[in-house]
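First comes the structure, then the notes that go with it.
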Amino acid sequence: MSGLPRRRAPRPLVLLLCAALVVASLPESSAALPGIIDYQRHLPRRFRKVRRKDTRFIIVHCTESGLRSALRTLSRKGLANYLVARDGRVYRILSHRYRANHAGRSMWNGITHLSDHSLGIELVGYHDRPFTSAQYRSLKRLLEELQRIYRIPDRRVLEHYRVAYGRPNIWIRRPHRGRKRDPGVNNFSRILAGLTNPEPQVDPDVAAGRLLPDPEVVLAQLGWRRHGLPVRVADRHVLTIGPMQTAWEVAGAAYDRPTTIYTFPGGRRLRGDQIRNWSRIPEGTRVILGPRRARRKLRVVRVATVTARRTPWQIARGDYDSPHTRYTFPDGRTLRGDQVRDWSRIPPGTRVVVGAPSS
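Residues in the sequence shown are numbered from 145 upward in steps of one, following this note's numbering.
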């Protein structure tokens, strides 16, 4: 036996690499993230898991749909890492190790394509309706664990509306914030989610001139600074149209409302619904955003979802085009029945809420 060559002891580096490969091949530990329902088996068989370039951020979204629809949509293409249901249950759509295509066209502090650099968490619900206490408790625990794993500070946990941006178009001539609303400018509470910095006060990409601001966020921040917490947008705010800015860029969706008042440099005043030529609003025009009209309280009569075999008319009958009927589309847009123009293009998955005035 003395003639046989002796085996060399494995080098420490080789042992370390082997251990790393074994750990990477193991399934995600339930001890690290306890109480989570693993939903990854619902990913398509051909779905290819890709590791992220790095993990610098966590982006919080909301589904603009119910639980069943969200599970089906998110697992179809791995569009989130986690989903938090209204009752607090947490679903793992895709392991936190892998890239989820959740952020779309996005930017923060000059870094683009944030799906390559972030985890995505979806809350079941809508951007204009409060999330539940159970959701906030579960989200807080989930954030704490993921932030510990990836050493992500609170300031890099961001809402989708903060990072999404839109390309120039016929209404806005430059790249701009405002492409997304989830999980709600005046809805999602960072404090209830356990984040110690209540509200980022500066958008680094707006400050650097890379993007135009979202008017809704600007107005909300005035309230946040005044009260220290997210509050409903104050009744009246005065803004000024700057160089190369349009009325829409300053006033947002309120640009043509009768409660929005334009004071031109010469002193002439017009309401938003009185202006006809929006291409000739001069620099220096002051814009006063008035209070929104009080909404009549409605009671919900029926809630259903459009399918290939179930049309809006079959759901709402004679109320299909009523202003009391709301259509929430899969992309998050919401329209009243009297605002819909092309009834042949209502996609499956659209949520229909039929309302009636409260007596």
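Think of the CB as a built atom: it goes at the ideal place given N, C-alpha and C, for glycine as much as any other residue.
- Counting only residues of its own chain and dropping the five nearest sequence neighbours on each side, LEU355 has a CB closer than 8 Å to the CB of MET251, TYR309, ARG318, PRO319, HIS320, ARG321, ASP347 and ASP349.
- Between ALA244 and ALA224, the CB-CB gap stays under 8 Å.
- Between the beta-carbon of GLU208 and that of ASP326 there is about 7 Å, and that keeps the pair under the 8 Å contact cut.
- Here the alpha carbons of TYR242 and ARG192 stand approximately 10 Å from one another.
- One thing to note: LEU302 has its Cβ no nearer than 8 Å to the Cβ of TYR226.
- At least 8 Å separates the beta-carbon of ARG200 from that of ARG292.
- One alpha carbon belongs to GLY462, the other to ILE419, and they sit about 35 Å apart.
- The beta carbon of ARG230 sits closer than 6 Å to the beta carbons of VAL268 and THR276 from its chain, once the five residues preceding and following it are set aside; these are given in chain order.
- No Cβ-Cβ contact shorter than 8 Å links LEU258 with HIS240.
- Rounded to whole angstroms, the Cβ separation of TYR305 and VAL329 is 6 Å, and the two are in contact under 8 Å.
- Using a Cβ distance threshold of 8 Å, THR404 and GLY416 count as a contacting pair.
- Where ASP349 is concerned, the enclosing alpha helix (DSSP H) starts and stops at 348-351.
- Taking each of VAL484, TYR471 and TRP487 in turn and checking the Cα distance to VAL496, the smallest one comes out for TYR471.
- DSSP places ALA448 within a strand segment (E or B) once states are collapsed to three.
- In the three-state scheme derived from DSSP, where H, G and I count as helix and E and B as strand, ARG230 is classed as coil.
- CA-to-CA, the gap between VAL498 and GLY338 works out to about 36 Å.
- Leaving aside the five residues that flank ILE265 on each side, the residues in its chain whose CB is nearer than 6 Å to its CB run, in chain order, VAL204 and TYR226.
- Distance from the CA of LYS221 to the CA of ARG323, rounded to the nearest whole angstrom, comes to 21 Å.
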